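Numbering (this note's numbering), first residue to last: 2 to 111.
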């Protein structure tokens, strides 16, 4: 195969959507594919997260997460959280449900 068609094929493949459904945070790092299947991971305000002796208590008010309408609350143990790639909190909630998948936390907050 000549280089021209091969380069065109590689460029085409690179332009295709990614595999398992993980997506990028607005700041450019990728959420884990097992946490995020589309747009269910989003940044959340730090005022919605309390650090407790038991872990991170997340309380997201109505409208605080675009993928999942309603009020959401969950306590994540320190061993259940992922490291954020941008120093912000990010919550992954299954669309149209109250089921959290993951919580990403800034470095040095646990």
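Glycine included, each C-beta is placed from N, C-alpha and C at the ideal position. All figures in this text were calculated on a predicted structure; none of them were measured in a lab.
contact_flag[the region 31-46, the region 55-67] where n(CB pairs < 8 Å) is 3 or more: yes
With distances taken from CA atoms, which of 84, 78, 33 is nearest residue 54? The count along the chain shown starts at 1 and reaches residue 54 at position 53. Here the closest residue by C-alpha is 78.
Taking the CB atoms as reference points, tell me whether residue 102 and residue 94 lie closer together than 8 Å. Taking the chain shown and counting its residues from 1, one reaches residue 102 at position 101. Taking the chain shown and counting its residues from 1, one reaches residue 94 at position 93. Cβ distance < 8 Å, so residue 102 and residue 94 count as in contact.
By the three-class DSSP mapping on this structure, what secondary structure does residue 48 have? One-based indexing of the chain shown puts residue 48 at position 47. The answer is helix: DSSP assigns residue 48 an H, G or I state.
Length-filtered (3 minimum) beta strand (DSSP E) runs lying within the region 54-78: 57-61, 73-77
Kindly give me the distance between the Cβ atoms of residue 49 and residue 65, rounded to whole angstroms, as I take these residues to be in contact under 8 Å. The count along the chain shown starts at 1 and reaches residue 49 at position 48. The count along the chain shown starts at 1 and reaches residue 65 at position 64. At roughly 6 Å, the Cβ-Cβ gap stays under 8 Å, so residue 49 and residue 65 are in contact.
Any heavy atom of the ligand ATP inside 7 Å of the beta-carbon of residue 72? The ligand content of the structure shown is nil, which means the ligand ATP is not present either.
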